[in-house]
Every structure is written in structure tokens, then in C-alpha cells.
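Colleague: Numbering (the numbering used here) for the sequence shown: 1 to 318.
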Amino acid sequence: MKKIISVLILTVVAIVSNAQVKLDDFGRIVLNTYIPENISLPSEAKNLLITKLNQITSNNGMGGSQANPRFIITANVSVGTKDIIAGPPQMIAQNLDVTLFIGDALSNTIFSNTTLSLKGVGTNESKAFISAFKTINLRDKKVLAFLEDGKKKITEYFAKQCDFILKEARTLAHQFKFNEAIHKLMLVPDVCEECYTQCTDEAVVIFNKKIESDCTEKLKEAKLIWAAEPNEIGALKASAIMVSIVPSDNCKTEISKLSIEIKNKLQLEQKKKYDFDMLEMKKRYDTEQKIIEAQKQIALEQSRNQPKTIIYHDIYWR
């Protein structure tokens with residue numbers, strides 16, 4: 001059961017941030033490509049550099065996702081020499097140093113860096129940059145070592161911060177911010193084995209608390225409706241709310257009591273209709289309704305609170 005709930009939590013959190021977030025974005029190290037707006041590059045060349053950085057991370061299983069936007073891969077471009085070659089046509093030749101960085105955008109901390117020396121030739125400056133960026137080798141040993149070093153440093157970060165992550169998640173749960181707490185816990189990559197296990201276990205605990213809290217609130221609403229309208233209309237309204245409940249172990253008994261109370265008030269034909277509705281509810285509980293409703297509730301609630309993007313300020317590492 002614990003394993004099933006863990007998978008449910010992963011599935012739920014994967015929907016939270018936005019439609020681009022996939023299930024496998026959680027439990028892995030993610031690097032988001034970021035190039036400063038004020039970098040001195042022609043737009044076409046800048047777009048190619050972004051594409052290259054995206055390819056570097058995606059080819060190594062570290063492609064970016066809004067699931068965890070704090071860790072970034074970025075670049076700084078320095079022009080070493082720039083020569084005009086007589087034509088026709090006249091050409092521009094540039095020697096560039098492209099320094100790649102992996103770091104924490106929130107703390108403005110660099111984890112890893114490497115410099116690639118490139119040369120590009122083109123009929124104008126933009127084409128010279130593009131020519132140089134095209135030569136970036138995605139399988140360059142320097143690039144792969146750079147990624148591994150960054151991955152190692154991020155892993156060390158989570159290991160050092162694990163107690164703080166757990167504490168912060170528990171604080172959020174105490175504030176009934178269950179979705180935020182679960183999201184935070186599930187961002188720990190599985191390569192941080194000890195911390196990942198602790199956070200997954202805690203996420204299960206918090207998820208159960210969320211189910212209990214949601215069940216209690218909705219059951220209370222159903223009881224109030226039934227108390228105000230103890231008739232067929234009230235029964236329909238109350239049962240509609242009860243159908244949406246993912247029943248926790250503690251809440252099942254109360255749901256059963258309310259169901260019996262409502263049924264005892266109804267006439268024979270109304271009872272048949274009510275029995276049918278509640279039977280359909282039970283079937284959904286027994287199959288996929290628990291998971292589907294839990295996913296919808298967490299996804300809906302967290303999507304309202306979770307920033308769609310992170311705004312990076314003053315990051316231009318040299």
C-alpha cells in the first residue's frame with residue numbers, strides 16, 4: 001500500500017506545476033537552460049546557444065522542467081579575437097571562449113564550470129557566432145565531466161539540506177499546505193538515496209494527512225446540506241459531495257453513518273435511486289476514483305499556488 005501511495009504522490013505532483021511537467025521529472029536532477037536577456041549576442045545566435053544547452057542536458061537525462069526551476073545551466077560568451085577577411089565576399093572570423101556554468105539560481109551559487117574555445121566564420125557577426133556555436137560537441141569529454149561535476153554538487157546539496165527540507169515540509173503540512181509540502185519532498189532526486197527515501201516516506205505521511213483533512217471538510221459540508229434539506233433534493237446534493245470524497249480510514253465510518261441516515265429518511269423509490277448512486281460511488285472508490293479524484297484535487301489546488309516560472313535576477317556568471 002505504501003508503494004502505491006508513493007506512486008500516486010509522484011503522479012499527482014507531476015501534474016502540479018504545468019502541463020510540461022512529466023512524471024519522470026521528479027526523482028531526477030533537472031537543469032533549466034537560462035541565458036540572460038542582456039547578453040551581447042544576436043538573437044539567432046542566442047537561440048542556437050540555448051538549443052545547444054538544451055541538447056546537452058536532455059542528451060544526458062537532465063533536461064529542464066518547471067518541476068524544479070532552481071538549478072540552471074547557463075553560459076557566458078567572450079570574444080577573444082575578431083578578424084575581417086577580405087573577399088569577395090568579406091568574412092568575419094571570431095575566436096570565442098564559451099564558459100558553461102551549472103549552479104543554483106536562488107542562492108546564486110556556481111556548482112561547476114568549463115570553458116570551450118570555439119572559432120566561427122561568417123559573412124556577418126551573427127553568422128560568425130552561429131558558425132562557432134554549431135561546433136559545440138555534445139559528447140565532448142569536457143562537457144560530460146562538467147555535467148558530472150554539477151550533478152555531484154547538486155547531490156551533495158540535497159544531502160546537506162535534507163533535514164531542512166523535511167522540516168520545511170512538515171511545517172507546511174502543519175499549516176495545511178499539503179500540496180506544497182508534497183511537492184517540495186518529491187523534488188529530491190533518487191540519486192540522493194538516503195534523503196530520497198526519507199522524503200518519500202514523509203510524503204506518504206503527509207499525503208494521508210491531506211486525504212484525512214479533505215475527507216473531514218467535505219463530509220462536514222455534506223452533513224450541513226443534509227441538515228438544511230433532509231429530503232430528496234438534499235440527499236442528491238449531499239451524495240454528490242460524498243461521491244467526490246476520497247475516503248480515509250478514519251472517515252469511512254462517518255461516511256457510512258451519514259449514508260444510512262439519509263437512506264432511512266427517503267421513500268422506497270428514492271432509496272432505490274440513492275442506493276444506485278452510492279453503489280456507483282463505491283465502485284469508483286474500489287477502482288480508480290481514489291486516484292483520479294486525489295490527482296484532480298492536488299493538481300487543481302497546487303496549480304493555483306505554484307509559480308509557473310522562476311524569475312532569475314542578476315545572474316551573469318563570469
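Glycine included, each C-beta is placed from N, C-alpha and C at the ideal position.
Quick check: the Cα distance between Met242 and Arg170, rounded to an integer number of angstroms?
Modeller: Cα to Cα, the separation comes out at about 29 Å.
Colleague: For Phe71, which beta-bridge partners are listed by DSSP?
Modeller: For Phe71, which the question treats as bridged, DSSP gives the partners Asp104.
Colleague: Whole angstroms are fine: how far does the CA of Phe178 sit from the CA of Lys296?
Modeller: Because Lys296 carries a pLDDT of 40, less than 50, the predicted location of this residue cannot be relied on, and the following value inherits that uncertainty. Whole-angstrom Cα-Cα distance: 14 Å.
Colleague: At 3 residues or longer, what runs of the beta strand (DSSP E) sit wholly inside the segment 100-145?
Modeller: Taking only runs of at least 3 residues, the beta strand (DSSP E) segments lying wholly in the segment 100-145 are 109-122.
Colleague: Using 7 Å as the cut-off, classify the Cβ of Ala169 as near or not near the heavy atoms of the ligand COA, replying yes or no.
Modeller: What this structure holds is no ligand at all, so the ligand COA is not there to describe.
Colleague: Within 10 Å of its beta-carbon, does Ala238 have 16 or more other beta-carbons around it, so buried, or fewer, so exposed?
Modeller: Buried is the call here.
Colleague: Here's a check: name, in chain order, each residue in its chain whose Cβ is nearer than 7 Å to the Cβ of Glu293, leaving out the five neighbours to either side.
Modeller: In this prediction, Glu293 scores a pLDDT of 49, lower than 50, which makes its location untrustworthy; the coordinate-derived value is nonetheless stated afterwards. Excluding sequence neighbours, Glu293 sits near Ser244, Val246.
Colleague: For Asp190, does the three-state DSSP call read helix, strand or coil?
Modeller: It is coil, neither helix nor strand.
Colleague: Among residues of its own chain, excluding the 5 on either side of Gly150, which ones have a beta-carbon nearer than 6 Å to its beta-carbon?
Modeller: Only Ile102, Phe111, Ser112 meet the Cβ criterion.
Colleague: According to the neighbour-count rule (16 or more other Cβ atoms, all chains shown, within 10 Å of its Cβ), is Gln94 buried or exposed?
Modeller: That one is buried.
Colleague: What number of angstroms, rounded off, separates the C-alpha of Leu185 from the C-alpha of Lys152?
Modeller: Going by the C-alpha atoms only, they are around 19 Å apart.
Colleague: Quick one: residues in its chain with C-beta nearer than 7 Å to the C-beta of Phe176, no 5 flanking neighbours on either side, listed in chain order?
Modeller: Contacts found: Ser213.
Colleague: Who pairs with Ala93 in a beta bridge, going by DSSP?
Modeller: Partner(s): Asp83, Val121.
Colleague: Just mark Ile85 as buried or exposed, buried being the case when its beta carbon has 16 or more other beta carbons within 10 Å.
Modeller: Burial call: exposed.
Colleague: Run through DSSP, which three-state label would Val205 get?
Modeller: Here Val205 sits in helix by DSSP.
Colleague: With respect to the alpha helix (DSSP H) encompassing Gln55, which residues constitute its N-terminal and C-terminal limits?
Modeller: 43-58 is the extent of the alpha helix (DSSP H) around Gln55.
Colleague: So, at 7 Å on beta carbons, what are the nonlocal neighbours of Arg70 in its own chain, with the 5 sequence-adjacent residues on each side left out?
Modeller: Asp104, Ala105, Leu106, Ile310.
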